[in-house]
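Here is the structure we will look at, set down as structure tokens.
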DNA sequence: ATGAAAGCTTACGTCTTATGTAAATCACCC
DNA sequence: GGGTGATTTACATAAGACGTAAGCTTTCAT
């Protein structure tokens, strides 16, 4: 079924700044950060609505809307008369990039960092294999542009390299054309950001990484499914090495 | 790491009924269902807040809280003066069980069903392998209880079998002790529910499935990582067969 | 006639106040 | 001593007012 999009919908890209300047977003970020940071532990109760209003200097409306958002992310649950309590960590939507963005020091969360890398080693090789099978010309162009972006900015603009690296991995996942994998790009984004915070950007490591990226791209281009999987595995080996060496 | 829970938090399990009786939950479900059902397509604008209030017969407060929840799930974005618009599908948090629950006919969404199964074939064998490496005695007991639940209810109580089947897969993922995989149980739950809706419950198929489940359990018990992966692959082969035969 | 700037309009954002409701607590009666 | 009912508490809902920014229109100067 083709989805019909009104012509006036062009240009309606979702805004990027999730921590926008609005009052209720500020409250969401504040409370989310405190929960992710352990200030409000699972099982603990948040202050009463009225107290939160006084503490944060905002109206009850804003606090309530913020609690609704946190509740939608699985971080808290509000019950009549009993207050708002932090839910067990298993309920947190940790794959939601917004939630991960509230983590005050994601790179110090050992379980999370290793869990993210482990997950990447599970699904990224599979995504590369699917991409080798299904990538369209546009998908390939997108991945190639990311590789070019890495090459062009080594070793000058480190930030641009990280951004291109991220675009590469997002491109591969998009090329897999699998809805579930596409749902994980947010998680991947956070994982890479955490990695960039930890790994010392040595030029040698960067060039090694670049050649690994090129290998994945070429395997996808020639529809070599096994090769794409193997190349992505090598790429992740390198990433894991860097993480262990410098973490 | 064991999470510390205040003593007064005992009994604070998250409530299961997400489509609860509250007004704003009703609005969320209604609008979420319409969006997932395609009534409001990506790029389209929802009616104005005031109009929604009139249409649904609720206050603006409830509508606004509902929009906040939908926004947190990535389904819509509200902008000043411009209204509330449905975001592109790639932004939807489809891995969120609540979002999947809004899908009016998940088993008819071909791309989604096949994508879910494909994702399961990526994650679940890996989860089984990790479980074989890390499962605690409690994890094993949980998985064994699920297998017993399947065996005891074949072929009488089909519903109980499905529930035990789900518990089995959740148990394996929990035993993997990977934070990302644990974030996918909601997705898995929806995938299995969709599968149960499609596959005709033949007794022969059930007994085949049961023996495959037992094989996974035994491999995990004896810490046979490769065997656990292989057994889970066989189990998913059977599931895929059933899906193709009956879908 | 064209284009930019100023102002107007609109619809979401925020705050306030009032009232409803369920659940926890406590008191009272059996 | 235990159970039932009144009370209290804190979240849930509603309604109204005002703020604000984004889109639209008008106007004026080039």
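Protein chains in written order, with this note's numbering: chain A, 4 to 250; chain B, 4 to 250.
Virtual Cβ for every residue (Gly too), placed ideally from N, Cα, C.
Nearest to residue i (by Cα), restricted to the options the options
{"i": "residue 27/B", "options": "68/A, 108/A, 42/A and 63/A", "result": "68/A"}
{"i": "residue 56/B", "options": "38/B, 31/B and 41/B", "result": "31/B"}
{"i": "residue 82/B", "options": "24/A, 159/A, 181/A and 174/A", "result": "24/A"}
{"i": "residue 35/A", "options": "72/A, 218/A, 53/A and 144/A", "result": "72/A"}
{"i": "residue 133/B", "options": "171/B, 229/B and 150/B", "result": "229/B"}
{"i": "residue 110/B", "options": "197/B, 217/B and 222/B", "result": "197/B"}
{"i": "residue 40/B", "options": "104/B, 236/B, 217/B and 75/B", "result": "104/B"}
{"i": "residue 37/A", "options": "232/A, 89/A and 123/A", "result": "89/A"}
{"i": "residue 235/B", "options": "224/B, 244/B and 220/B", "result": "220/B"}
{"i": "residue 159/A", "options": "238/A, 29/A, 224/A and 206/A", "result": "206/A"}
{"i": "residue 216/B", "options": "150/B, 182/B and 201/B", "result": "150/B"}
{"i": "residue 114/B", "options": "218/A, 184/A, 233/A and 210/A", "result": "184/A"}
{"i": "residue 142/A", "options": "117/A, 231/A, 58/A and 224/A", "result": "224/A"}
{"i": "residue 233/B", "options": "125/B, 182/B and 140/B", "result": "125/B"}
{"i": "residue 182/A", "options": "117/B, 59/B and 74/B", "result": "117/B"}
{"i": "residue 121/A", "options": "65/B, 59/B, 180/B and 91/B", "result": "180/B"}
Neighbourhood of residue i by C-beta distance below 6 Å, restricted to the same chain and skipping five residues each side
{"i": "residue 165/B", "result": "199"}
{"i": "residue 148/A", "result": "none"}
{"i": "residue 240/A", "result": "none"}
{"i": "residue 93/A", "result": "none"}
{"i": "residue 242/B", "result": "none"}
{"i": "residue 244/A", "result": "none"}
{"i": "residue 237/A", "result": "215"}
{"i": "residue 208/A", "result": "245"}
{"i": "residue 91/B", "result": "45"}
{"i": "residue 65/B", "result": "26, 27 and 30"}
{"i": "residue 178/B", "result": "134, 138 and 142"}
Sequence-distant residues of the same chain with beta carbon closer than 8 Å to residue i, five excluded per side
{"i": "residue 86/A", "result": "48, 49 and 51"}
{"i": "residue 154/B", "result": "213"}
{"i": "residue 195/B", "result": "165, 168, 169 and 172"}
{"i": "residue 63/B", "result": "52, 53 and 56"}
{"i": "residue 175/B", "result": "127, 130, 131, 134, 146, 219, 223 and 235"}
Cβ neighbours of residue i in the same chain (closer than 7 Å, five flanking residues each side left out)
{"i": "residue 163/A", "result": "152 and 156"}
{"i": "residue 70/B", "result": "79, 81 and 87"}
{"i": "residue 99/B", "result": "76 and 189"}
{"i": "residue 112/A", "result": "106"}
{"i": "residue 192/A", "result": "100 and 169"}
{"i": "residue 74/B", "result": "80 and 81"}
Under 7 Å from the C-beta of residue i: neighbouring residues of chain B
{"i": "residue 99/A", "result": "96"}
{"i": "residue 93/A", "result": "185"}
{"i": "residue 182/A", "result": "97, 114, 115 and 118"}
{"i": "residue 190/A", "result": "183"}
Buried/exposed call for residue i, threshold 16 Cβ in 10 Å
{"i": "residue 247/B", "result": "exposed"}
{"i": "residue 226/A", "result": "exposed"}
{"i": "residue 84/A", "result": "exposed"}
{"i": "residue 186/B", "result": "buried"}
{"i": "residue 96/A", "result": "buried"}
{"i": "residue 190/A", "result": "buried"}
{"i": "residue 123/A", "result": "buried"}
{"i": "residue 45/A", "result": "buried"}
{"i": "residue 42/A", "result": "exposed"}
{"i": "residue 119/A", "result": "buried"}
{"i": "residue 202/A", "result": "buried"}
{"i": "residue 144/A", "result": "exposed"}
{"i": "residue 210/B", "result": "exposed"}
{"i": "residue 108/A", "result": "exposed"}
{"i": "residue 138/A", "result": "buried"}
{"i": "residue 287/A", "result": "With chain A running from 4 to 250 in the structure shown, residue 287/A is simply not present."}
{"i": "residue 5/A", "result": "Interpretation of residue 5/A is limited by its pLDDT of 35, a score under 50 that renders its predicted location unreliable; the figure taken from the coordinates is listed afterwards. With fewer than 16 Cβ atoms within 10 Å of its Cβ, residue 5/A is classed as exposed."}
Under 9 Å from the C-beta of residue i: neighbouring residues of chain A
{"i": "residue 151/B", "result": "Within chain A, no residue comes near residue 151/B; the closest Cβ sits about 24 Å away, beyond 9 Å."}
Contacts of residue i in chain A (Cβ-Cβ under 7 Å)
{"i": "residue 75/B", "result": "72, 75 and 76"}
Distance cut-off 7 Å: residue i Cβ against heavy atoms of the ligand ATP
{"i": "residue 107/B", "result": "Ligands displayed in this structure: none; no statement on the ligand ATP is therefore possible."}
Residues that residue i contacts on chain A, provided the C-beta gap is smaller than 8 Å
{"i": "residue 68/B", "result": "67, 68 and 71"}
request  = Residues of the segment 109-129 of chain B with a CB closer than 7 Å to any CB of chain A: list them in chain order, please.
outcome  = 114, 115, 118, 119, 121, 122, 125, 126 and 129
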